[in-house]
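Data block below; observations after.
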Amino acid sequence: MTPLPTPQQLRYLLALSEHQHFGRAADACAVTQSTLSAGVLALERQLDAAILDRSAGKRVVFTALGHEMVTRARDALAALMAVTEAAQAARAPMSGRLRLGVIPTLGPFLLPRLMPALRAAFPNLRLLLMEDVTDSLVQRLLDSRLDVALLALPCACAGAETLPVARDEFLAALPADHPLAAHAEVPLAALRADRLLLLEDGHCLRDQALEACGFTRGEQPADGMDGFAATSLHTLVQMVAGGLGVTLLPRSAVQV
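The sequence shown: position 226 = 314 (the numbering used here), numbered continuously.
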């Protein structure tokens with residue numbers, strides 16, 4: 089009977105798939121590069137099949153079997169972890185590891201309030217945080233690399249269960265000398281006609297702001313900023329303060 093792969097060997101495969109580099113994969117697994125290479129080679133000998141294409145030089149190239157092994161390794165490790173966590177949860181609910189993902193437009197404003205409350209309520213809960221854009225977090229959920237993610241709806245979450253936990257609203261951010269700055273409410277049509285500053289592609293807030301201002305899918309505002317797109321809300325605020333345009337901000341980001 090062919091010996092079964094060890095969990096450590098499966099972790100090596102996943103690390104190689106994620107990092108596409110032996111050195112970085114070894115660092116991620118907290119082993120030496122030679123140890124990781126030997127582990128993968130031992131697995132190939134156990135299976136009597138090639139997992140990596142050795143003719144690719146220093147590049148990490150998986151064979152067809154290798155790609156299948158990566159998928160199955162991810163599922164197998166997730167199943168093993170689920171067994172361990174189920175036993176731990178039975179002994180002490182809300183304890184152990186929780187891999188939490190959060191989008192960048194929520195993380196800096198929500199986590200400082202959320203983390204102390206969680207630690208106080210569940211001292212044995214070990215939170216592992218991941219900040220990334222929506223599509224990446226959803227993919228990590230589907231790949232069982234995250235347990236839960238805090239996102240902004242609507243989003244393309246097919247295959248993942250969603251549960252609304254709070255509501256937020258948009259506030260208009262305008263330069264101090266803007267004609268509408270003194271108004272209690274600002275018509276979205278006015279923002280559409282102005283220099284609308286946005287986050288870069290990949291941030292769900294960008295799509296939601298465009299939709300709120302009446303732009304159809306694929307339509308882009310003529311911002312007068314040569315295609316400027318910010319990587320953070322802080323940058324957007326500073327650009328608005330400098331009189332370079334207007335934007336929409338979540339209320340949760342303003343109340344920090």
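Where is the CB? At the ideal position from N, CA and C, for every residue including glycine.
Asked                                                                                                  : Found
Nearest residue (CA-CA) to Cys117, options Val274, Ser105, Tyr100 and Met327                           : Tyr100
Residue from Phe110, Glu132 and Arg201 with nearest C-alpha to Ser122                                  : Phe110
Residue of His266, Ala137, Ser143 and Met169 minimising C-alpha distance to Gly154                     : Ala137
Where Glu219 falls: helix, strand or coil (DSSP)                                                       : strand
Collapsed DSSP secondary structure at Leu186 in the structure displayed                                : strand
Cβ neighbours of Arg294 in the same chain (closer than 8 Å, five flanking residues each side left out) : Leu286, Leu287, Glu288 and Ala317
DSSP three-state assignment for Ala113, whether helix, strand or coil                                  : helix
Candidates Thr222, Ala177 and Val328, of which the one nearest Gln296 by Cα                            : Thr222
Collapsed DSSP secondary structure at Ala254 in the structure displayed                                : coil
Minimum C-alpha distance to Val128 - residue among Glu249, Ser143, Ala254 and Phe150                   : Phe150
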